[in-house]
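Okay, so here's the structure we're looking at.
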Amino acid sequence: MTVAIEMGHTTAGAPVALDLEELLATRLLVQGNSGSGKSHLLRRLLEQSAPWVQQTVIDPEGDFVELADRFGHLVIDAEEHTERGLQVAGERARMHRVSAVLNLEGLDAENQMRRAAAFLGGLFEVPRDHWYPMLVVVDEAQLFAPAIAGEVSDEARKLSLGAMTNLMCRGRKRGLAGVIATQRLAKLAKNVAAEASNFLMGRTFLDIDMARAADLLGMERRQADSFRDLERGQFMALGPALSRRPLGLRIGPTDTRPRNATPRLMPLPEATLEDARAVILAAPPPESTRPQRRPPPDLLGQLIAARIAAPEVPPETVEQPLSTEELTKQRERVDRILRAILADPDAGFRAVSVLYQEFVVRCRIEGLGSAVPDLGDFRRMLTHARAGLDSDMAEDAAWQDVSIRASILPEDMRGVFMMVARAAKESLPCPSDAAIARAYGTHSLRRARHLLTYIEEQGLIVCQLDGTGRRIVTMVELAWATAPGDPQADELAAETEAEPGCGGPAD
341 MTVAIEMGHT TAGAPVALDL EELLATRLLV QGNSGSGKSH LLRRLLEQSA
391 PWVQQTVIDP EGDFVELADR FGHLVIDAEE HTERGLQVAG ERARMHRVSA
441 VLNLEGLDAE NQMRRAAAFL GGLFEVPRDH WYPMLVVVDE AQLFAPAIAG
491 EVSDEARKLS LGAMTNLMCR GRKRGLAGVI ATQRLAKLAK NVAAEASNFL
541 MGRTFLDIDM ARAADLLGME RRQADSFRDL ERGQFMALGP ALSRRPLGLR
591 IGPTDTRPRN ATPRLMPLPE ATLEDARAVI LAAPPPESTR PQRRPPPDLL
641 GQLIAARIAA PEVPPETVEQ PLSTEELTKQ RERVDRILRA ILADPDAGFR
691 AVSVLYQEFV VRCRIEGLGS AVPDLGDFRR MLTHARAGLD SDMAEDAAWQ
741 DVSIRASILP EDMRGVFMMV ARAAKESLPC PSDAAIARAY GTHSLRRARH
791 LLTYIEEQGL IVCQLDGTGR RIVTMVELAW ATAPGDPQAD ELAAETEAEP
841 GCGGPAD
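Going by the numbering used here, the sequence shown opens with residue 341, and the numbers climb by one from there.
Printed below as a string of structure tokens:
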């Protein structure tokens, strides 16, 4: 079934329709300077397509929250939720097919990028059974996919740019159709803009943006100056969902209005000069009476007197080093605290910094304040714990070679490698995809399989299937191999089959 929604009219008065099904497969890029009518265009698109397709709006300025009153969109104020909460909200919105507006108003640039990335990640990571068609509209896309680094941290930029790249490059197979709008094409990451096949180009004045717009529309360079002459609400359209040739159109009216409307001129209030003087130059409220300053005390004299009167302090006793037995008990207490933290089912999906904060607090409660490992040691302990290794096993000579081999992998992959190595050393069944995903901190089984492929490409393991489709992993140069294990087994079965601890964090 073809669904055509009317976006406006040409200069000759003919209606211009947008093929919604084609748009879902080919995506859309909107460009225009401030005041060119981009937000009006997006509002028209959202209103016309609301009865036909689920929608999500990434709204940095709160311009689209009025859609909730007219079309029933769920407004999510990002300022009131954590990144983890927004990721879960994105997953649930996708599963239950609820249209939503993510309102990022009130957040600084870095937090806008982090929360938008978390929400888009939730939309992207849902299981295949919930890959329903969805229109994902991102206003001011240059904020979330900048072409160059700005004032925000590199981590926030990578998270946001990665989420936008997933939306535009890999979203089509998952039913996600990206619609991105930007003021400056030159400020938008090229790998994000290049994935759009439909274009609506509005008024712009900078030569570099006009040249890129003309290039995207297949126009000659001498025709690029025509973008300066476009009026507010006029756009040049091109793409399989719009027109096979560049086509000028004026966007039609909308049913809702933005909260942040364009300022209008209005007459100044009528007031006499005397009234204005009385209001503007009125005496300020009285200041609170300040206490009278007293001369500063003779601190030097007080210190000398206190030193003379102070009792003699016995010399500090030198702290004796702990014995081997005491160090062993201390290490057992630290390991017990770490196991208690990882017993939480959500611990595998929390950031290392968050887990470390909880670990430090628990150590202090247990009276281990001076024995708390630093963040680097904690990362190594966490890697070993997720692999199911206790302290004695991690220090075993046979594991030194495994640790050296793991060092060539990114830090977040080492726990999975050691988990598989432990299963191979003890001839346990190969961990399932669900167990590997949990150890890696993701819900995606596809990512778990890709992780094993990546480790195999590094020359560390060899994966093979037996005659019944069960997976066997062999450690290169170590002659260790896992027992056959079902990669499709659910997580609970995998943990039971690979006891103790081969399927993820120790519970």
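For every residue, glycine included, the Cβ atom is placed at its ideal position computed from N, Cα and C.
Residues of its chain near G592, where Cβ-Cβ distance is below 8 Å and the 5 sequence neighbours each way are ignored: E346, M347, G348, H349, R384
Residue range of the unbroken beta strand (DSSP E) whose run includes H349: Looking at the DSSP string, the run of the beta strand (DSSP E) that includes H349 is 344-349.
Residue burial classification, D555 (beta-carbon count within 10 angstroms, cutoff 16): The residue in question, D555, is exposed, as its Cβ has fewer than 16 Cβ neighbours within 10 Å.
Inter-residue Cα distance where the pair is D409 and A390: In a straight line, the C-alpha of D409 is about 13 Å away from that of A390.
Enclosing alpha helix (DSSP H) for Q804 [first to last residue]: Per DSSP, Q804 lies in no alpha helix (DSSP H); the unbroken beta strand (DSSP E) holding it starts and ends at 801-805.
Nearest neighbour of R811, chosen from M559, Q371, P771, A418 [CA to CA]: P771
Proximity of G462 and A429 at Cβ, strictly below 8 Å: yes
Status (buried if at least 16 other CB within 10 Å, exposed otherwise) for V816: exposed
F404 versus R599 - alpha carbon distance: 8 Å
V441 - containing beta strand (DSSP E), residue span: Element bounds for V441: 440-443.
Any chain E beta carbon closer than 8 Å to R719: Absent from the structure is chain E; it holds one protein chain and no more.
contact_flag[the stretch 443-456, the stretch 358-377] where n(CB pairs < 8 Å) is 3 or more: no
Backbone secondary structure at A833 - three-state DSSP: Caution applies to A833, whose pLDDT of 44 falls short of 50 and renders its modelled position unreliable; the value that the coordinates give is listed next. Three-state DSSP puts A833 in a helix.
Sequence-distant residues of its chain with Cβ nearer than 6 Å to A551 (five each side left out): A564
Per-residue burial, A440 [other beta carbons within 10 Å of its own, 16 or more giving buried]: buried
CA-to-CA distance, T793 to V700, given in whole angstroms: 35 Å
C-alpha gap between V712 and V438, whole angstroms: A direct Cα-to-Cα measurement between V712 and V438 gives close to 46 Å.
Sub-8 Å separation of A481 and A534 beta-carbons: No, the Cβ-Cβ distance between A481 and A534 is not below 8 Å.
Length of the line joining the Cα atoms of I776 and R787: 9 Å
Contacts around A357, its chain only, beta-carbon distance under 8 Å, and the 5 residues preceding and following it disregarded: A344, I345, E346, M347
Beta-carbon contacts of F464 that lie in its chain and below 6 Å, excluding the five residues immediately before and after: N506
Run of the alpha helix (DSSP H) containing D547, from where it starts to where it stops: 547-556
Candidates R543, T782, G799, of which the one nearest Q427 by Cα: T782
Pair within 8 Å by beta-carbon distance, L708 and V756: no
Those residues which DSSP pairs with V476 across a bridge: T396, G518
Own chain residues within Cβ distance below 7 Å of A746, not counting five before or after: R754, F757, M758
P486 vs R468 beta-carbon contact at 8 Å: no
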